[in-house]
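Enquirer: Following our numbering, the numbering of the sequence shown begins with 171 at its first residue and continues without gaps.
Each residue gets a CB set at the ideal place from its N, CA and C atoms; glycine is no exception.
Just so you know, these numbers come straight off a predicted model, no measurement behind them.
This structure is in structure tokens; I'll ask about it shortly.
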Amino acid sequence: EHHQATGGTDGTDGTGGTAVGEPPLRVPPLTDLRLRPDRPRQNLEPSAWLPPIRTRRGRPLLVVAAVVLVAATVLGGMALVADRVGGDEPEPAAQRTGQDGVSPRRSIPGLSARDATPPRVLFGAGDRADTALASGLGRNGAAMLTTVYASRENLDELLAWKDSVVPQAYAQGYALHLVIADRGTAATVDTPAGAACGRPYSLSPLLIEDLGRLATAFAGDVNGPPLLVTVFDSVQDYACTPGAYRANDATKRYYDALADQYLRARETVLRAAPNALVGLGWDSRVVSTNDPAIGGGRSMVLELRRLMEASEFTSVSAVRTDDNVADLRAAVAQLGAHAPVLVAYGPSGAAFAPDVAALLTPDSLADVTAKGLFAWTFASADVLDRFPPAYQLAAAAVTQHGRPAR
171 EHHQATGGTD GTDGTGGTAV GEPPLRVPPL TDLRLRPDRP RQNLEPSAWL PPIRTRRGRP
231 LLVVAAVVLV AATVLGGMAL VADRVGGDEP EPAAQRTGQD GVSPRRSIPG LSARDATPPR
291 VLFGAGDRAD TALASGLGRN GAAMLTTVYA SRENLDELLA WKDSVVPQAY AQGYALHLVI
351 ADRGTAATVD TPAGAACGRP YSLSPLLIED LGRLATAFAG DVNGPPLLVT VFDSVQDYAC
411 TPGAYRANDA TKRYYDALAD QYLRARETVL RAAPNALVGL GWDSRVVSTN DPAIGGGRSM
471 VLELRRLMEA SEFTSVSAVR TDDNVADLRA AVAQLGAHAP VLVAYGPSGA AFAPDVAALL
531 TPDSLADVTA KGLFAWTFAS ADVLDRFPPA YQLAAAAVTQ HGRPAR
């Protein structure tokens with residue numbers, strides 16, 4: 171199950187981020203990529219705006235000076251009003267993007283209106299593009315191939331796809347979906363704000379370097395099928411104390427640093443791949459609880475909504491072995507308020523067949539697409555082969571509601 175969470179305290183008490191096995195990893199200061207920068211006030215002193223006034227034959231140009239002074243005063247007053255009106259209110263996401271090095275959102279090719287009838291969904295299969303390409307669903311209607319990057323041991327293999335799997339997939343009209351899933355052991359990490367506790371690789375400069383190389387290898391033409399990159403799959407589980415943004419000081423410092431790292435990762439991917447779209451990854455379990463006091467559960471989504479509002483999409487995985495229906499529908503509704511939603515469906519147990527039967531009906535797809543769903547990938551391409559009735563339901567949904575990558 172490629173989206174299985176691996177949270178836990180790993181021997182820490184969750185309060186100060188004690189060392190786990192090795193000395194703390196030192197993370198260099200992160201670039202300030204805030205989406206709402208503090209805006210400096212204009213210099214409203216009119217005299218500061220006026221050029222030196224020259225005289226003609228010893229007589230001051232009083233009329234010219236007066237006109238310039240009046241114009242400067244009017245413009246200064248307008249700037250002051252605008253600054254006061256917007257100073258303490260949050261700006262809409264569309265206005266915040268593009269500021270301080272945060273690239274504006276790219277459009278999702280082929281994105282249907284949320285009220286489209288019948289609903290249209292970009293269906294995919296994974297968890298490796300090469301095997302998904304040969305799977306039943308990959309050969310019969312799915313237009314997206316998912317690959318999970320969860321270990322640096324597989325980095326060279328994926329980079330080698332640049333001249334084989336990647337161009338072959340794009341040439342056949344498939345979109346590619348790359349999932350960045352850090353499953354490393356949580357440990358104490360130094361950040362500019364102090365000691366934090368969480369998975370070190372996600373905060374390291376090495377992640378940014380690896381992402382740049384992967385995005386370069388998976389890049390396609392700007393006018394071709396897209397490359398969707400989910401960064402930090404199941405993000406709520408990355409700290410030593412999972413599931414809450416402010417569970418303790420070490421957790422808050424970790425997620426503060428991770429938010430900056432996410433924006434840096436997005437910029438890296440967008441620069442490397444002209445067809446790339448980037449989204450933050452969640453697990454659907456995040457909506458099953460709520461603790462506003464510590465930014466837990468549904469409140470954690472609100473803590474990180476600025477990242478989703480700066481991104482092309484967001485993704486949510488579903489891996490419960492009993493029942494994913496309620497959580498998945500609730501997750502799409504909450505996440506879809508901030509960005510279009512990609513569902514990565516991954517359970518291989520008893521939940522699979524009843525989940526598919528409930529979620530992929532025309533009425534259910536109409537409901538979740540209206541709330542923001544635009545893509546659905548089966549996390550394991552061969553899981554459908556083990557559940558023939560579920561495969562038939564999935565294949566029918568792909569035939570009736572699937573759309574091409576562009």
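Indicate whether VAL457 and ALA501 have their beta-carbon atoms separated by less than 8 Å.
Expert: Yes, they are a contact pair.
Enquirer: Leaving out five residues on either side along the sequence, give the residues of the same chain with a beta carbon under 8 Å from the beta carbon of VAL568.
Expert: Once the five neighbours on either side are set aside, the close Cβ partners of VAL568 are PHE293, LEU307, ASN310, GLY311 and ALA312.
Enquirer: Let me know the secondary structure DSSP gives SER458 once reduced to three states.
Expert: In the structure shown, SER458 sits in a helix (DSSP, three-state: H, G or I).
Enquirer: Would you grab the beta carbon distance between ALA356 and CYS367 for me? Rounded to a whole angstrom, and I think it's under 8 Å.
Expert: Indeed, because the Cβ distance is near 6 Å, the residues count as touching under 8 Å.
Enquirer: Using a threshold of 8 Å, state whether the C-beta atoms of VAL511 and PHE544 are closer than that.
Expert: Yes, they are a contact pair.
Enquirer: How long is the line joining the alpha carbons of SER485 and VAL399, rounded to whole angstroms?
Expert: Cα to Cα, the separation comes out at about 10 Å.
Enquirer: Assign PRO274 to one of two classes, buried (16 or more other C-beta atoms within 10 Å of its C-beta) or exposed (fewer than that).
Expert: Classification for PRO274: exposed.
Enquirer: For GLY394 versus TYR340, is the C-beta distance shorter than 8 Å?
Expert: Cβ atoms of GLY394 and TYR340: closer than 8 Å.
Enquirer: Inspect the beta-carbon positions of PRO532 and ASP525 and report whether they are closer than 8 Å.
Expert: No, these two residues do not count as a Cβ contact at 8 Å.
Enquirer: Could you pull the start and end residues of the beta strand (DSSP E) that LEU348 belongs to?
Expert: Looking at the DSSP string, the run of the beta strand (DSSP E) that includes LEU348 is 345 to 350.
Enquirer: Under the rule that 16 or more other beta-carbon atoms within 10 Å means buried, what is GLU473, buried or exposed?
Expert: Looking at its Cβ environment, which holds 16 or more other Cβ atoms inside 10 Å, GLU473 is buried.
Enquirer: Spell out a yes or no on whether the region 326 to 336 and the region 375 to 391 are touching, meaning 3 or more CB-CB pairs, one atom from each, closer than 8 Å.
Expert: At 8 Å Cβ cutoff, the stretches touch.
Enquirer: Jot down the residue ranges of each uninterrupted beta strand (DSSP E) in the region 270 to 309, minimum 3 residues, whole runs only, in chain order.
Expert: List check, beta strand (DSSP E) in window: 292 to 295.
Enquirer: So for VAL538, helix, strand or coil by DSSP?
Expert: Note: VAL538 maps to helix in three-state DSSP.
Enquirer: Which of the three DSSP states is assigned to ASP360 in this structure?
Expert: DSSP places ASP360 in strand when its eight states are reduced to three.
Enquirer: Should ALA514 be labelled buried (16 or more other beta-carbon atoms within 10 Å of its own) or exposed?
Expert: With 16 or more other Cβ atoms within 10 Å, it is buried.
Enquirer: When you compare only the Cα positions, how much space is there between PRO574 and HIS508?
Expert: Cα-Cα distance, rounded: 24 Å.
Enquirer: Excluding sequence positions up to five away, which residues of its chain have a Cβ less than 8 Å from the Cβ of ILE278?
Expert: Cβ within range, chain order: PRO396, LEU447, GLU482, PHE483, PRO510 and PHE544.
Enquirer: Tell me whether the beta-carbon of VAL318 lies closer than 8 Å to the beta-carbon of VAL349.
Expert: Yes, Cβ-Cβ distance for VAL318 and VAL349 is below 8 Å.
Enquirer: Would you say GLN431 and LEU346 are within 8 Å of each other, going by their C-beta atoms?
Expert: Cβ distance not < 8 Å, so GLN431 and LEU346 don't count as in contact.
Enquirer: For ALA427 and PRO559, I'd like the C-alpha separation in whole angstroms.
Expert: Straight-line Cα distance between these residues: approximately 45 Å.
Enquirer: Note the first and the last residue of the continuous beta strand (DSSP E) segment covering TYR515.
Expert: Here the beta strand (DSSP E) through TYR515 covers 511 to 515.
Enquirer: Identify whether PHE402 lies in helix, strand or coil by the three-state DSSP scheme.
Expert: Three-state result, PHE402: coil.
Enquirer: Could you name the residues that DSSP lists as bridge partners for SER487?
Expert: ASP453 and ALA514, per the DSSP bridge assignment.
Enquirer: Any heavy atom of the ligand COA closer than 7 Å to the beta-carbon of ALA500?
Expert: No copy of the ligand COA appears in this structure; indeed no ligand is present at all.
Enquirer: Would a C-beta distance cut-off of 8 Å place ALA528 and VAL495 closer than the cut-off?
Expert: Their beta carbons are under 8 Å apart, which means ALA528 touches VAL495 by this criterion.
Enquirer: To which residues of the same chain is GLU379 closer than 8 Å at the C-beta, ignoring the five residues directly before and after it?
Expert: Counting only Cβ-Cβ distances below 8 Å, and skipping sequence neighbours, we find nothing.
Enquirer: Are the Cβ atoms of SER454 and PRO462 separated by less than 8 Å?
Expert: For SER454 and PRO462, no; Cβs fall outside 8 Å.
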